[in-house]
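According to the numbering used here, the sequence shown is numbered sequentially starting from 3.
Just so it is clear, CB atoms sit at the ideal spot from N, CA and C, and this is done for glycine as well.
Heads up, the thing below is written out as structure tokens.
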Amino acid sequence: MISPNEHVLEYVDAHVHGALSRDEDKAVAIHCRRCPICKVALEEAEKRLALLESVPPAAVSPELLARAEEQLAARRRPRFRRSQLVAFAALAAALLIACCHLYIAKSGVSPYDLRVLGQNELVADSDASLRVLLVNHDTLQPIAGMPVSIDLRGPEGTPAITLARGVTDRSGTIAPRIHVPAWKDGDYELQVSARAGFGSEHVAHKVKLHRDWQLMLSSDKPVYQPGQTIQLRALALRRPDLKPLAGREVVFSVADPKGNKIFRQRQVTSRFGIGFTACPLADEIAEGGYQIECQMGDTTSNLTVDVAKYVLPKFKLEVDSDRTYYEPGQKIVGTVRAAYFFGQAVQHGEVDVELRQPSVVEPLLATAHAQTDDAGKATFEIALPAALAGRPQEGGDAPIDLVVTARDTAGQQQATTLSRLVTANPIHIEVLPESGSLVRGVPNTIYLLTSYPDGQPATARLNISGIDHEIATNELGAASVVVEPAGDRLDWVVRASDAAGLSGHRQVELRSGPNQGDFLFRSDKAVYSSGETLRILTLGGGTQPVFFDFVRDGQTILTRSVEMAEGRGELVFDLPPELFGPIELLAYRYLPDGLPTRKSRLIYVRQAGSLVVDTRLDHAEYRPGERAMLNFTLTDAAGRPAPGALSLAAVDQAVFSVRRGQTGLSPVLSRLENELLAPVYAIYPWSADLRSQPTDKVPTVGDRNHFEQALFAAAARTRNP
Numbered sequence: 003m004i005s006p007n008e009h010v011l012e013y014v015d016a017h018v019h020g021a022l023s024r025d026e027d028k029a030v031a032i033h034c035r036r037c038p039i040c041k042v043a044l045e046e047a048e049k050r051l052a053l054l055e056s057v058p059p060a061a062v063s064p065e066l067l068a069r070a071e072e073q074l075a076a077r078r079r080p081r082f083r084r085s086q087l088v089a090f091a092a093l094a095a096a097l098l099i100a101c102c103h104l105y106i107a108k109s110g111v112s113p114y115d116l117r118v119l120g121q122n123e124l125v126a127d128s129d130a131s132l133r134v135l136l137v138n139h140d141t142l143q144p145i146a147g148m149p150v151s152i153d154l155r156g157p158e159g160t161p162a163i164t165l166a167r168g169v170t171d172r173s174g175t176i177a178p179r180i181h182v183p184a185w186k187d188g189d190y191e192l193q194v195s196a197r198a199g200f201g202s203e204h205v206a207h208k209v210k211l212h213r214d215w216q217l218m219l220s221s222d223k224p225v226y227q228p229g230q231t232i233q234l235r236a237l238a239l240r241r242p243d244l245k246p247l248a249g250r251e252v253v254f255s256v257a258d259p260k261g262n263k264i265f266r267q268r269q270v271t272s273r274f275g276i277g278f279t280a281c282p283l284a285d286e287i288a289e290g291g292y293q294i295e296c297q298m299g300d301t302t303s304n305l306t307v308d309v310a311k312y313v314l315p316k317f318k319l320e321v322d323s324d325r326t327y328y329e330p331g332q333k334i335v336g337t338v339r340a341a342y343f344f345g346q347a348v349q350h351g352e353v354d355v356e357l358r359q360p361s362v363v364e365p366l367l368a369t370a371h372a373q374t375d376d377a378g379k380a381t382f383e384i385a386l387p388a389a390l391a392g393r394p395q396e397g398g399d400a401p402i403d404l405v406v407t408a409r410d411t412a413g414q415q416q417a418t419t420l421s422r423l424v425t426a427n428p429i430h431i432e433v434l435p436e437s438g439s440l441v442r443g444v445p446n447t448i449y450l451l452t453s454y455p456d457g458q459p460a461t462a463r464l465n466i467s468g469i470d471h472e473i474a475t476n477e478l479g480a481a482s483v484v485v486e487p488a489g490d491r492l493d494w495v496v497r498a499s500d501a502a503g504l505s506g507h508r509q510v511e512l513r514s515g516p517n518q519g520d521f522l523f524r525s526d527k528a529v530y531s532s533g534e535t536l537r538i539l540t541l542g543g544g545t546q547p548v549f550f551d552f553v554r555d556g557q558t559i560l561t562r563s564v565e566m567a568e569g570r571g572e573l574v575f576d577l578p579p580e581l582f583g584p585i586e587l588l589a590y591r592y593l594p595d596g597l598p599t600r601k602s603r604l605i606y607v608r609q610a611g612s613l614v615v616d617t618r619l620d621h622a623e624y625r626p627g628e629r630a631m632l633n634f635t636l637t638d639a640a641g642r643p644a645p646g647a648l649s650l651a652a653v654d655q656a657v658f659s660v661r662r663g664q665t666g667l668s669p670v671l672s673r674l675e676n677e678l679l680a681p682v683y684a685i686y687p688w689s690a691d692l693r694s695q696p697t698d699k700v701p702t703v704g705d706r707n708h709f710e711q712a713l714f715a716a717a718a719r720t721r722n723p
């Protein structure tokens, strides 16, 4: 029987292996908790067990069995006397303590460096990816074949859960897909451990879990009169997979211009994530801008509508000019068309035109007067001054406004404004390195975009200082040139001219990044369909691998790595269905000094299973009070019927002449324009009009892909200046 008051050094191995009886096992455990010497012995026994378990099993040889039997026989011999046993235990304890001190002294600084690469915030109940990197602290060489465990410590009182386990590859990394649990919002601890050598490396990474969704609030029209009813809708989608949030409480509220809440109501979203309500307005109510708010959890969506007594305009006014931009001193020839909303032309109406330059001390430049004919049409001419003050934010161009006011014979009046640009540089030039900055020692593709001031593409000839041949842009105004920089920067003067004799020029300075270990990467396209094959070519010096993170809505969804050999590497894989929308490709590698360098690029992945809405009316036109029948068909991309919810709004179009605006549907549903191409349109606004061009005028796929590559390079530069 083991005494709890005596040292148990000879029993600790049997204890950790479970070879003792229940009473003996309990006595050893109690003694080790009280005795510092035996506690150290127990910890060493546990380390030996862990090391033993990491060794692959092997068959036991007969010689080993024979030696084991001899040792067991020796254990049956009479025990030492008590004094001898105590002396032996004291000597063993002294040796063990000395060994422990020696071990601690030699292992004070771990030779391993464990790094966790990922976001500090994760979306609860979603898929994500993390990257764990294990390298030698001194040599920075990757450590392969080491087991890694990723755990998330749960809320107070609940155990941690294991998110992933794996073994580091030859790059010293493990990048598993994980599912973030549906825990409540809050701060948690991500625990990453790697078993290395005789011990383990641990990293505690603080993360915040939160639920993330998009909430879109819309009204049926932008302006209301006292006594009318504001119809409100809210659409709730979970990020990043955009699935509807069903059964969630949403709170609608309306505040008057002074901030007083006049309406508040709770609703629950349907299975399609839609909540709706109606706010009736009193007949006597303060006029002005009303703030509408919809709240779901911590997410709030706001909308402003006007409440005012108004008279719907009786006719609409359209203004156009002979050109979309002008040069100083040119003559503007404009056309005005006025027609009542029921279709009849506004005949013999008076038209007054003012030419104004906004943001100057004396904005009024010139005036003109005209009269509409029997077709409701009028023509006017105004000459521009020989010189105008340009604005730096417009690239030196000067914006002008044509303010047109029309009155019919009954004295009813309507006004509108037409904006144009005046420029002395008719062809604009954009120069865009594919990686934002140049990479020395490898071929760099530099995109060149030429456009007119109105954003239309310019097919032009380019002459670049330092390049001995002329470059021509295609019908999309895009061209590219490949250079291999050897220095820190390139100074170019780019001159462009078209067949009509218009010209433009620009001075640009292109700088190179760090020399050693710098790289660039390019994808074969900028826009993909879900499930399509993505190909990425990586160029650069050094042998360090390049890691790729696919980031959507700020969360890493997927990770990949590329091995570099002879200055290049290639990544080829099929895009999974859950990867869609605007995707930021974040590429990074660790240089020999241990510091990372990174690049980014934008791509867009079309979501699989898009919906198609087909609308049919039973008549082409209706009389007032007549009944209209609308038929809607909702199908998926393959033409199969799809269940869904449709939101409709029937509003007199004259209301939008009172206050020009939208109902709020477009900003959220049009993800491509607002989340991805908004910075692109700022650089190259005409690209938004490609969708409306006739099929025979749309550029070829090859030209479009080349143009998209340049646009997305511009978008990446705008997001990461």
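message: Tell me which residues share the same chain as residue 320 and place their Cβ nearer than 7 Å to its Cβ, disregarding the 5 neighbours each side in the sequence.
response: Position 318 of the sequence shown, counting from 1, holds the residue named residue 320. Closer than 7 Å at the Cβ level, and outside the excluded window around residue 320, lie 339.
- prompt: Relative to the C-alpha of residue 607, which residue among 183, 399, 535 is closest?
  reply: Taking the first residue of the sequence shown as 1, we reach residue 607 at position 605. Per the C-alpha coordinates, the member of 183, 399, 535 positioned closest to residue 607 is 535.
- prompt: Straight-line CA distance for residue 453 to residue 424?
  reply: Within the sequence shown, the letter at position 451 stands for residue 453. Within the sequence shown, the letter at position 422 stands for residue 424. For residue 453 and residue 424, the distance between alpha carbons rounds to 15 Å.
field: Beta-carbon gap between residue 307 and residue 208 smaller than 9 Å
entry: On the sequence shown, position 305 is the one that residue 307 refers to. On the sequence shown, position 206 is the one that residue 208 refers to. No, they are not a contact pair.
query: What are the start and end residues of the alpha helix (DSSP H) that includes residue 162?
result: Numbered from 1 along the sequence shown, position 160 holds the residue referred to as residue 162. Careful: residue 162 lies outside any alpha helix (DSSP H) and carries neither H nor E.
task: Please classify residue 324: does DSSP put it in a helix, a strand, or coil?
output: What you label residue 324 is simply residue 322 of the sequence shown in a count that begins at 1. Looking at residue 324 - three-state DSSP - the assignment turns out to be coil, as it is neither helix nor strand.
- prompt: Are the segment 459–467 and the segment 477–488 in contact at 8 Å, needing three or more beta carbon pairs?
  reply: Taking 8 Å as the limit for Cβ pairs, the verdict is that the segment 477–488 does touch the segment 459–467.
message: Let's test the definition: count the other Cβ atoms within 10 Å of the Cβ of residue 383 and tell me whether it reaches 16, buried, or not, exposed.
response: Here residue 383 refers to the residue found at position 381 when the sequence shown is read from its first residue. Counting Cβ neighbours within 10 Å, residue 383 comes out exposed, since fewer than 16 surround it.
message: Below 8 Å, how does it come out for the segment 45–52 and the segment 13–31: are there three or more Cβ pairs, yes or no?
response: yes
- request: Output the distance between the C-alpha atoms of residue 626 and residue 313, rounded to the nearest integer angstrom.
  value: For the purposes of this step, residue 626 is taken as the residue at position 624 of the sequence shown. For the purposes of this step, residue 313 is taken as the residue at position 311 of the sequence shown. Residue 626 and residue 313: Cα-Cα distance of roughly 19 Å.
- request: Below 8 Å on the Cβ atoms is my guess for residue 767 versus residue 290; work out the distance and round it to an integer in Å.
  value: The structure shown does not extend to residue 767, since the chain spans only 3 to 723, so no value can be given for it.
- request: Assign residue 586 to one of three DSSP states: helix, strand, or coil.
  value: Numbered from its first residue, the sequence shown carries residue 586 at position 584. In the structure shown, residue 586 sits in a strand (DSSP, three-state: E or B).
Residue 408 to residue 378 span [Cα, whole Å]: Translated into positions along the sequence shown, residue 408 becomes position 406. Translated into positions along the sequence shown, residue 378 becomes position 376. Rounded to whole angstroms, residue 408 to residue 378 spans 11 Å at the Cα level.
field: Other residues of its chain near residue 513: CB distance less than 7 Å, five sequence neighbours each side excluded
entry: Mapped onto the sequence shown, residue 513 falls at position 511. Contacts found: 439, 440, 490, 491.
task: Inspect the beta-carbon positions of residue 295 and residue 390 and report whether they are closer than 9 Å.
output: By 1-based counting over the sequence shown, the position of residue 295 is 293. By 1-based counting over the sequence shown, the position of residue 390 is 388. In this structure, residue 390 does not lie closer than 9 Å to residue 295 by Cβ.
message: Could you tell me the alpha carbon to alpha carbon distance between residue 692 and residue 144, rounded to whole angstroms?
response: The sequence position of residue 692 within the sequence shown is 690, counting from 1. The sequence position of residue 144 within the sequence shown is 142, counting from 1. Only weak support exists for where residue 692 lies, its pLDDT of 38 falling under 50; the value from the coordinates is given anyway. Between residue 692 and residue 144, the C-alpha separation is close to 48 Å.
For residue 51, three-class secondary structure by DSSP: Within the sequence shown, the letter at position 49 stands for residue 51. Helix.
message: Helix, strand or coil, according to DSSP, for residue 35 in the structure here?
response: To locate residue 35, count along the sequence shown from 1; it is residue 33. In the structure shown, residue 35 sits in a helix (DSSP, three-state: H, G or I).
message: What does the alpha-carbon distance come out to for the pair residue 37 and residue 14?
response: Walking along the sequence shown from the start, residue 37 turns up at place 35. Walking along the sequence shown from the start, residue 14 turns up at place 12. Here the alpha carbons of residue 14 and residue 37 stand approximately 13 Å from one another.
query: From 406, 326, 170, pick the residue whose C-alpha is nearest to that of residue 178; which is it?
result: Within the sequence shown, numbered from 1, the residue matching residue 178 stands at position 176. Of the candidates 406, 326, 170, the one whose C-alpha sits nearest the C-alpha of residue 178 is 170.
message: Just verifying my parser: in three-state terms, what is the DSSP assignment at residue 208?
response: Taking the first residue of the sequence shown as 1, we reach residue 208 at position 206. Strand, per DSSP.
- request: Rounded to whole angstroms, what's the CA-CA distance from residue 431 to residue 123? Just pull it up for me.
  value: Reading the sequence shown from its first residue, position 429 is the one you call residue 431. Reading the sequence shown from its first residue, position 121 is the one you call residue 123. Between the C-alpha atoms of residue 431 and residue 123 there is a straight-line separation of about 40 Å.
query: Which whole-angstrom value describes the C-beta separation of residue 521 and residue 591, a residue pair presumed to lie in contact below a C-beta threshold of 8 Å?
result: For the purposes of this step, residue 521 is taken as residue 519 along the sequence shown, with counting starting at 1. For the purposes of this step, residue 591 is taken as residue 589 along the sequence shown, with counting starting at 1. Indeed they touch by this definition, with Cβ atoms about 6 Å apart.
- request: Can you give me the start and stop residues for the alpha helix (DSSP H) that residue 18 sits inside?
  value: As a working note, residue 18 is residue 16 in the sequence shown. Note, residue 18: alpha helix (DSSP H), 14–18.
query: CB-CB under 7 Å to residue 380, same chain, minus the five flanking residues each way: which ones, in chain order?
result: Taking the sequence shown and counting its residues from 1, one reaches residue 380 at position 378. Taken in chain order, the residues that qualify are 338, 353, 372, 373, 374.
query: Hey, out of 355, 10, 52, whose CA is closest to residue 43's CA?
result: Along the sequence shown, one-based indexing puts residue 43 at 41. When each option's Cα is compared against that of residue 43, the closest is 10.
query: Do you know how far the Cα of residue 152 is from the Cα of residue 182?
result: Numbered from 1 along the sequence shown, position 180 holds the residue referred to as residue 182. Numbered from 1 along the sequence shown, position 150 holds the residue referred to as residue 152. Between residue 182 and residue 152, the C-alpha separation is close to 12 Å.
query: Is there contact here, the segment 223–239 with the segment 277–285, by at least three beta-carbon pairs under 8 Å?
result: yes
message: Quick check on residue 399: does DSSP put it in helix, strand or coil?
response: Looking up residue 399 in the sequence shown gives position 397. Of the three classes helix, strand and coil, the one that applies to residue 399 here is coil, per DSSP.
message: Once DSSP output is grouped into helix, strand and coil, what is the label at residue 625?
response: Translated into the one-based positions of the sequence shown, residue 625 becomes position 623. Note: residue 625 maps to coil in three-state DSSP.
field: Pair within 9 Å by beta-carbon distance, residue 484 and residue 446
entry: For the purposes of this step, residue 484 is taken as the residue at position 482 of the sequence shown. For the purposes of this step, residue 446 is taken as the residue at position 444 of the sequence shown. Contact: yes.
message: If I measure Cβ to Cβ from residue 653 and keep anything under 7 Å in the same chain, skipping five residues before and after, which residues do I get?
response: Numbered from its first residue, the sequence shown carries residue 653 at position 651. 222, 223.
- request: Select from 188, 386, 300, 167 the residue whose C-alpha is nearest the C-alpha of residue 197.
  value: For the purposes of this step, residue 197 is taken as residue 195 along the sequence shown, with counting starting at 1. Of 188, 386, 300, 167, the residue nearest in Cα terms is 167.
message: Less than 9 Å between the beta carbons of residue 1 and residue 570, yes or no?
response: One cannot answer for residue 1 here, as it falls past the ends of the chain, which runs 3 to 723.
query: Would residue 2 be called buried (16 or more neighbouring beta carbons within 10 Å of its own) or exposed?
result: Because the chain spans 3 through 723 in this model, residue 2 falls outside it and cannot be assessed.
- prompt: Which residues bound the beta strand (DSSP E) around residue 616?
  reply: Walking along the sequence shown from the start, residue 616 turns up at place 614. Per DSSP, residue 616 belongs to the beta strand (DSSP E) from 614–619.
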